[in-house]
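To start, the structure under review is shown below, and the notes come after it.
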Amino acid sequence: MTDATLSFEEAMEKYDPVLGFEVHVELNTKTKMFSSAPNVFGDEPNTNVNEVDLGMPGVLPVVNKTAIESSIKIGLALNCKIAEKCRFARKNYFYPDTPKNFQTSQYDEPIAYDGYLDIELSDGTIFRVEIERAHMEEDAGKLTHMGGATGRIQGAEYSLVDYNRSGVPLVEIVTKPIEGAGSRAPELAKAYVAAVREIVKNLGVSDAKMERGNVRCDANVSLRPHGRERFGIRSETKNVNSLRAVEHAVRYEIQRHAAVLDSGEPVTQETRHWHEDTRTTTSGRAKSDADDYRYFPEPDLVPITASREWVEELRATLPEPPAARRKRLQADWGYSELEFRDVVNAGVMDEIEETIAAGATPTVARKWWMGEIVGRAKNADVDPGQLGVKPATIVELNKMVEDGKINNKMASEVLDGVLAGEGTPAEIVEKRGLAVVSDDAPLLEAIDAALAAQPDVADKIRGGKVQAIGAIVGGVMKATRGQADAGRVRELILQRLGVEG
Amino acid sequence: MAAINRDDVAHLAQLAHIEMSAEELDRMAGELAVIVDSVKSVSEAAGDDVPATSHPIPLTNVFREDVVGHTFTAEQSLNGAPDAYEGRFKVPAILDED
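Encoded structure:
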């Protein structure tokens, strides 16, 4: 069943959105939160586990010191206060993603609280998002639903469980309700999650790959009529796992809520599942008794105290914050405000930095990423960084162009070849027989033919209207199937006609 | 007045996935009420100046260095699992349980 929606514009005319986010960050420690089993993605199922992760009777968890330090660093980077004393709690529920029937988490005493993050929107507006808390917990195992038509839980006959992810350290970052974003709510949602991802990546505490689930977002959305203070009833869309999906999911939920409210019905407080294929959400389970988690203090773990000395030691190790880094990079690269903002909005700042480090000039790196690559990413509907273009490829392609071996059009074709896995740029130039025709004889032949075909244009050029030359150059390029160096063709045409360039 | 009644017990039993008959609920409500009332006397003994504690041992920061230790093979992990398939635990579909 498809839910009714209003257009986004109409929804915005009638209602004011309130957002809230829970972002789960997987830490990249070597071992798990409470066991010494390795924290590694993608190995053979149920081999990165030991008795603690499998919740065997009588085992005792021991806290990973590095995970605590990483959590404190995240708290500091989010401008939070760090609790002098905090503890773990058991969150009790029955579901096979945890073999213990509880998740070890934090409840009433999170390690970090009362922070904020200033989010820069695409036009440079700064929007402050308040952070309620950041608490530590452990990840759950991975379920694969089998027997259903689509791999979704609906219609599944049974599920298979891999506990490799069980016990991986997580930090859950919870915002306060975000008011006042208005029609920029979807954009803010994306920018907020991007900022958190950037921070944890920059801190080096997480691999921060959303496609691998290192950063996962649950997005809360509610609407209220303009001018009303009380919040509407919210929905929580689970596991929205790419930046684009975060934006789309918030936008969709705003449109869906608006249609529900317009029909005079109350919104159901429930979990929603995001579907990337249809860009819609479907109803999960309604909030019920199952959410009564009977939290209680974890008796197997003693409290954590963070002395002010320890916190300050950790603060001293924090790297340059992303916002400061952006200012520095913009100055280093000599981009204008607008150029730099476009780069950030296109999500290619890190890629450009790597490309410059690989030997490209800032101008060349920007030209390639913002031109050829962003265009391809848009067509393929993926983030530019996910296309698989390596900095070295760009440096090599650019050198070939600068050396006059190939022209820009050919370079674009070679890039297609590289992305299709046909080999290095040099190999593809060789294989596809791409090389600029640099011997003047065949060019002159083509030029003479083009001049003869368009005598009136030839006359115009002779008469001093040099800008008409494009038609002749075009004819030559067509005759040489784009393999000529357009600059050289232009020179030769002018020589032929005895005109000064 | 007892701090826990029959409805509370039924609710807790449901959350804990414990099936209880009407007779068991009646009996357990009475027994738990006695226990809860007894525990209450502890709060009377501890005044406002005594901070709540979750742990009887005065220890904090018991940590482990982030060094990889032992692991199980898939075979060891699944040893004792009621059902398994291709190296993973096999469990019934869960959605309709709510």
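Chains as they are written, first to last, in this note's numbering: chain A, 137 to 637; chain B, 559 to 656. For glycine and all other residues, C-beta sits at the position ideal for the given N, C-alpha and C. Note that the coordinates shown come from a computational prediction; the quantities given were computed from them, not determined experimentally.
For A/Arg-360, the enclosing beta strand (DSSP E) covers residues 351-361.
In this structure A/Ala-577 is exposed. Its beta-carbon is surrounded by fewer than 16 other beta-carbon atoms within 10 angstroms.
Put simply, of A/Thr-404, A/Ala-331 and A/Gly-191 the residue whose alpha carbon is nearest the alpha carbon of A/Val-382 is A/Ala-331. Taking 8 Å as the upper bound for CB-CB distance, A/Ile-583 and A/Val-593 are not in contact here, some 12 Å apart. Boundaries for A/Phe-170: no beta strand (DSSP E) harbours it, and the DSSP string shows neither H nor E there.
Close CB contacts of A/Ile-204 within its chain, under the 7 Å cut and outside five residues either way in sequence, are with Ile-440 (chain order). Bridge pairing for A/Gly-260: absent [DSSP]. Between A/Ile-335 and A/Ala-213, the C-beta gap is smaller than 9 Å, which places the two residues in contact. Within chain B, no C-beta atom comes nearer than 8 Å to that of A/Asp-139; the closest sits roughly 20 Å away.
For B/Ser-599, the enclosing alpha helix (DSSP H) has its first and last residue at 580-603. A/Ala-501 and A/Ile-509 do not touch by the CB rule: their CB atoms are close to 10 Å apart, not below 8 Å.
Under the Cβ criterion of 9 Å, B/Ile-615 is counted among the residues facing chain A.
Within 7 Å of the CB of B/Pro-650, the CB atoms of chain A belong to Tyr-294, in sequence order along the chain. Think of a sphere of 7 Å around the beta carbon of A/Phe-230: the chain B residues whose beta carbon falls inside it are His-575, in chain order.
Interface criterion met: the Cβ of A/Asn-186 is under 9 Å from a Cβ in chain B. Chain-ordered, the chain A residues with CB closer than 8 Å to the CB of B/Ala-632 read Glu-180, Pro-181, Asn-182 and Thr-183. The closest CA to that of B/Leu-570, considering only A/Arg-366, A/Thr-240, A/Tyr-229 and A/Asp-189, is found on A/Tyr-229. Beta bridge pairing from DSSP links A/Thr-280 with A/Leu-296.
Measuring C-alpha to C-alpha distances from A/Met-148 to each of A/Glu-538, A/Gly-363, A/Gly-400 and A/Val-159 identifies A/Gly-363 as the nearest.
The beta carbon of A/Gln-239 lies closer than 8 Å to those of Arg-226, Lys-227, Tyr-229, Glu-273, Glu-274 and Ala-276 in the same chain, with the five residues before and after it left out.
For the C-beta of A/Pro-174, the chain B residues within less than 8 Å are, from N- to C-terminus, Val-626 and Thr-629. The C-beta distance from A/Leu-450 to A/Ile-247 rounds to 12 Å, too long to meet the 8 Å contact threshold. In the DSSP assignment, A/Glu-308 falls within the beta strand (DSSP E) that extends over 305-311. Per DSSP, the unbroken alpha helix (DSSP H) holding A/Glu-563 starts and ends at 561-568.
For B/Leu-636, the neighbours in chain A by C-beta distance under 7 Å run, in chain order, Asn-182. For A/Asp-152, the uninterrupted beta strand (DSSP E) segment begins and ends at 151-162.
For a Cβ distance threshold of 7 Å, residue set Ser-612 of chain B lies close to A/Pro-433, ordered along the chain. Look at the beta carbons and you see the segment 168-182 of chain A touching the segment 292-304 of chain A: at least three pairs across the two are nearer than 8 Å. For B/Asn-619, the residues of chain A that pass the 7 Å Cβ criterion are Ile-440 and Thr-441, in the order they occur in the chain. A/Pro-232 has its alpha-carbon roughly 20 Å from the corresponding atom of A/Gly-178. The beta carbon of A/Met-613 sits closer than 8 Å to the beta carbons of Ala-620, Ala-622 and Val-625 from its chain, once the five residues preceding and following it are set aside; these are given in chain order.
Contact between the segment 149-163 of chain A and the segment 344-362 of chain A is established, with three or more Cβ pairs separated by less than 8 Å.
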